[in-house]
Each structure stands twice: as C-alpha cells, then as structure tokens.
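Report on the structure given below.
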Ligand SMILES: [Fe+2]
C-alpha cells in the first residue's frame, strides 16, 4: 500500500504568485499520476486554499479531479469547513452530521483516519472531547489492521522553526495525543502546517510533517535546483515494518511532469512571500 501525502497548497486567485501556486499543485498531481507503481490513495492534509473562498475551492477541486488515485482532503487553519464540503460534495467520506471533518477510510490494508484540527479564525489547532471520543470508538471498532492518522496541525513538539507547539492549548494537544496512543493500534501520524519537513513522536508513534506544496511559502534551505520544485511524501506500508516515508521533489525523476516543470518561471513570480 502506497499513500501520497500533499499539503499546504494555499491556492489563491489574486496574489502575485497565484498562478505559480496553481501550477505547482497541478504539477504535483501530474507527478503522482506518473508514479509506477501508482499510489493507492492521495491525502491532502489541509490549507488547500488560502482564504477559504468558494472560487479558490473550485480551482482546487478541478486540480484534484485530475488525480488517478482516490483522494482524501481534510481542513487546515486557512480552510473553511462549509466551503470545503461544498466543493468536494461528491466525496462520500465528507458526508457527516458532525461539525468536524473527521472520517475513517476502511478500503485499504491499513486504516486511514483523518482528523479535523481547525479552529476557525485561528492559526493554531484544536481538538475537542467529542472528537477524542469518536477517535477512540473508531480505534476500538476493529482490532486487527494498523491505523495511519492524518492531521493538519502536528500533534507533537516540532523542534525546527520558531514555533514548537501548534495547538491553541497544551490540554487540547494532550487530549489528542492520549487518544492516538489508545491500544497501540495507530502506527503513524502524518501532518502538514509547518511548511517544512519535521519528524517527532506521539508517545512511541512515529510522526512526521510534509513540506508545503506552495514553494513561495516553503521554509528551510533547499539547493537552488530544488527551490522551485514542490516536495511531497510517499508513505509505503509494510505489514511487518509499518510505514516507510520517501520525500519526493516534483519533476526530479524525468517524468512528463518534470519536463513541463523545467519551463522557466517568470522572475516576477519568484519573490518569496
Ligand atoms: Fe496551516
């Protein structure tokens, strides 16, 4: 089983780098479509769009519709739950009576659970008791298959970058951490939000952060030939070893997507925002 994780595309329609963000999102999907073997699923861990607007989501939905593998989306702090749900209304996993966009996908050798850590109007995340209770119920539903969890905000201390904690309160993050460790069934936690690669642990569970797709927002140092290439993660599941993560730079493998990506980018769009 292979999962492609992308995050933080921050699509806009009216910033100076708007076209570039759209192109980087499109090139990433093309790169994933060219993978051999193909992934079983694509998960977008949030901040799909930058302002939560319907027209931004229409653009995002059109780009994700080109994906060959089934895709799953969850909200980040820049997303709007109602507009996200409306844009992806064909995705049955989003149909829920809950206020939160939490769901479990049962179609794969490992179970996938997506958790909504959005607190509207805030950059930091939140996780409620109601959500923790449902997570515990999902974990208890099935005793056999291991579980991978996806969140926007990393539920662990991130030791790179200016902020170490990405939740509104320590209590909120502790609530999530406690639920994640129930019965030892969750074998990996995959997050976004930080815009740079990071790794840590939730108890003994390995956890990681994928860099952002929008390269104008990316943090950290990259060699010059990689500065305009989005980075995403491929998580390969092995029943014995668990998940092994590979970091992929879009267009570095000589795919069609890569050739397109070698086209020069207008200097005006290279300014970092
Ligand atoms: Fe974020």
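Numbering (my numbering), first residue to last: 69 to 341. We put the beta carbon where it would ideally sit given N, CA and C, even for glycine.
Where residue i sits in the DSSP three-state scheme
{"i": "residue 228", "result": "coil"}
{"i": "residue 104", "result": "coil"}
{"i": "residue 93", "result": "helix"}
{"i": "residue 207", "result": "helix"}
{"i": "residue 354", "result": "Any question about residue 354 goes unanswered here, given that the chain covers just 69 to 341."}
{"i": "residue 306", "result": "strand"}
{"i": "residue 248", "result": "helix"}
{"i": "residue 282", "result": "coil"}
{"i": "residue 44", "result": "No answer is possible for residue 44: the residues shown for the chain start at 69 and end at 341."}
{"i": "residue 269", "result": "strand"}
{"i": "residue 198", "result": "helix"}
{"i": "residue 293", "result": "helix"}
{"i": "residue 239", "result": "helix"}
{"i": "residue 316", "result": "strand"}
Same chain, Cβ closer than 7 Å to residue i, neighbours up to 5 away in sequence not counted
{"i": "residue 224", "result": "268, 269, 270 and 275"}
{"i": "residue 108", "result": "69, 70, 71, 137 and 176"}
{"i": "residue 253", "result": "207, 214 and 215"}
{"i": "residue 188", "result": "none"}
Contact set for residue i: own chain, Cβ-Cβ below 8 Å, skip 5 residues either direction
{"i": "residue 235", "result": "185, 192, 193, 194, 195, 221, 223, 241 and 244"}
{"i": "residue 91", "result": "none"}
{"i": "residue 126", "result": "155"}
Residues of its chain near residue i, where Cβ-Cβ distance is below 6 Å and the 5 sequence neighbours each way are ignored
{"i": "residue 101", "result": "136"}
{"i": "residue 134", "result": "97"}
{"i": "residue 312", "result": "304"}
C-beta neighbour in chain B for residue i, strict 8 Å
{"i": "residue 117", "result": "Protein chains in the displayed structure number just one, and chain B is not present."}
Indicate whether the contact test is met: 3 or more Cβ pairs, each with one atom in the stretch 207–223 and one in the stretch 176–186, closer than 8 Å. yes
When a residue counts only if its C-beta is closer than 5 Å to some heavy atom of ligand 1, which residues count, in chain order? 115, 144, 145 and 261
Any 3 or more C-beta pairs closer than 8 Å across the stretch 79–87 and the stretch 119–130: yes
When you compare the stretch 290–302 with the stretch 146–157, are there three or more beta-carbon pairs, one atom per stretch, that lie closer than 8 Å? no
The stretch 248–266 in contact with the stretch 97–113 per 3-pair CB rule at 8 Å: yes
Kindly provide the ranges of any alpha helix (DSSP H) runs that are 4 or more residues long and lie completely inside the stretch 123–174, ordered along the chain. 149–155
At a cut of 8 Å, does the stretch 202–210 reach the stretch 274–289 through at least three beta carbon pairs? no
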